[in-house]
């Protein structure tokens, strides 16, 4: 049966139910359109929720603060609140920069200004001519070598620490705990066990 025969056979039916068929056709069109709109709306809502969560997390991190103490050769020593991602350079700027009496040579050799700050850290900037070797030795007798302020030579005196590792310790400052040496992968567990009784962060 060809197309013309089919058309002739069902023509009376189409004529009789013409309005119903047109309405059914429109109904089907609206149904398909509704599905498309619903799908797009659902996808957009997920994107908005995802973006909102990311923005909220970003704002939350931006609003977080840490506190850091800087003493010694700075213009305005004291405790400062800084953003979570702040660096030592930011703390130094907040403190008004180095004072005229600060040991700039020590800062250049021992302080990594690009290192991130950790909450509660204390940084001491020695004065020019300050006998760090003597004072640090005296402090070591009581507390241990301060890994936040010790010089390369002082760190080299620790068992298992050579000049290369001493420089790694300096580059990864500051430390909020001696365990940071392990977390930052500065020393191995074996070396850490050798030196942990002789080091401090204060």
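Residue numbers (the working numbering): 6 to 207. Glycine is no exception: its CB is placed at the ideal position from the N, C-alpha and C atoms. A quick note: this is a predicted structure, and the numbers were derived from the prediction, not measured.
As assigned by DSSP and simplified to three states, the class of residue i
i, result
"residue 112", "helix"
"residue 95", "helix"
"residue 170", "helix"
"residue 83", "strand"
"residue 140", "In this prediction, residue 140 scores a pLDDT of 39, lower than 50, which makes its location untrustworthy; the coordinate-derived value is nonetheless stated afterwards. Three-state result, residue 140: helix."
"residue 45", "helix"
"residue 40", "helix"
Counted within 10 angstroms of its Cβ, other Cβ atoms place residue i as buried (16 or more) or exposed
i, result
"residue 70", "exposed"
"residue 126", "buried"
"residue 133", "exposed"
"residue 76", "exposed"
Distance, residue j Cα to residue i Cα
i, j, result
"residue 187", "residue 109", "30 Å"
"residue 85", "residue 94", "13 Å"
"residue 121", "residue 174", "14 Å"
"residue 81", "residue 128", "13 Å"
"residue 150", "residue 92", "23 Å"
"residue 27", "residue 38", "17 Å"
Proximity of residue i and residue j at Cβ, strictly below 9 Å
i, j, result
"residue 96", "residue 73", "yes"
"residue 164", "residue 123", "no"
"residue 183", "residue 152", "yes"
"residue 116", "residue 99", "no"
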